[in-house]
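Position 246 of the sequence shown, counting from 1, maps to 330 under the numbering used here, and the rest follow consecutively.
Built from N, CA and C at the ideal position, the CB exists for glycine as well.
What follows is a short report on a single structure.
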Amino acid sequence: MDAFLHQVVAGLATGGIYASLALALVMIHNATRLVNFAQGEMAMCATYLCWSMLQAGLPYWVAFFATVILSFMAGVAIERVLIRPVERAPVLTTVVVFIGLLLVLNSLAGWIFSYTIKSFPSPFPAKPPFGQTIVGSHELGAIAVTLVVLLLVFLFFRFTPLGLAMRAAAQNPDSSRLVGIRVGWMLALGWGLAAAIGATAGMMVAPIVFLDPNMMTGILLYAFAAALMGGIDSPGGAVVGGFIVGVLENIVGAYLIGTELKLTVALVLIVGVLTVKPAGLFGRTIVQRV
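See the structure below:
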């Protein structure tokens with residue numbers, strides 16, 4: 085029973101990280117109706133940035149918040165420089181830009197930092213809390229950080245004028261322009277917020293998977309499965325989907341197929357959701373007249 089509880093709690097911890105990255109994917113999808121395939125590489129580069137600050141001697145939480153701020157600025161810059169010029173281009177053109185950004189960021193990280201695996205420190209104590217051995221401090225801390233981020237995002241979009249304007253710009257750009265909302269900048273801010281959330285996910289997962297330019301490849305696949313399961317247009321659904329995927333991955337990997345095949349869980353979930361319920365658990369089925 086202790087081993088099973090450990091798998092569940094560890095799954096919730098990694099599921100919270102998947103939820104963060106899935107939320108970033110959903111935010112950009114709501115704004116552009118496309119999936120940002122470079123979201124994982126953006127998070128990886130942000131994690132390397134935090135690692136560099138730590139190596140320079142900055143305290144962990146100073147480096148953490150500085151990375152979040154710089155990632156937000158980088159996300160806005162990427163939208164302004166790379167995405168906005170192809171905003172009205174065919175879908176294939178935008179997808180190629182996303183894939184190109186993924187390859188460029190991955191290659192730059194390998195060139196600058198090398199492909200040697202590096203350890204990334206955890207801000208939480210090494211000793212498990214409360215004298216128990218079921219769950220480690222980093223797992224609990226990662227869950228707490230993820231929940232705080234998700235709560236802040238919910239409050240921002242639910243109760244602030246800027247958050248409401250960003251939601252309106254994503255859902256109905258034409259009507260938003262008529263009431264004076266600067267839709268272009270709202271989309272850029274959405275990119276910045278998604279980059280900041282992704283950076284948080286990267287810094288939380290790095291102590292678990294270690295730091296290297298390919299660290300987010302599998303994480304992005306799990307996050308994509310979480311976003312599809314919850315609903316690619318539902319932020320709340322992405323969060324629920326992230327926790328479900330994290331727990332399923334751990335339990336199925338531990339008791340059914342082994343850790344070597346855990347990545348297939350995400351692939352099976354993606355195919356299953358697209359086959360049975362393409363809109364996801366909480367997504368909306370959109371009907372268009374043609």
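For Thr359, the enclosing alpha helix (DSSP H) has its first and last residue at Leu347 to Val360.
In this structure, Val119 sits near Phe308, with a CB-CB distance shorter than 9 angstroms.
Sorting Leu277, Met313 and Arg117 by C-alpha distance to the C-alpha of Arg172 places Arg117 at the top. If you draw a straight line from the Cα of His90 to the Cα of Gly220, it is about 9 angstroms long. The residues Met299, in chain order, have a CB closer than 7 angstroms to that of Val293 in the same chain once the five nearest residues on each side in sequence are set aside. Taking one beta carbon from each stretch, the segment 283-290 and the segment 131-146 have 3 or more pairs nearer than 8 angstroms; the two touch. For Lys211, DSSP assigns no beta-bridge partner whatsoever. Leaving aside the five residues that flank Lys211 on each side, the residues in its chain whose CB is nearer than 8 angstroms to its CB run, in chain order, Ser221.
If you draw a straight line from the Cα of Leu154 to the Cα of Asp296, it is about 20 angstroms long. Closest in C-alpha terms to Ala311, from the list Phe88, Val92, Gly99 and Ala87, comes Gly99. Look at the beta carbons and you see the segment 151-169 touching the segment 272-283: at least three pairs across the two are nearer than 8 angstroms.
By the Cβ-count criterion, Gln123 is buried, with 16 or more other Cβ atoms from all chains shown falling within 10 Å of its own Cβ.
Residue pairing by DSSP puts Leu295 in a beta bridge opposite Lys202. Asp317 sits buried, since 16 or more C-beta atoms from the chains shown fall within 10 Å of its C-beta.
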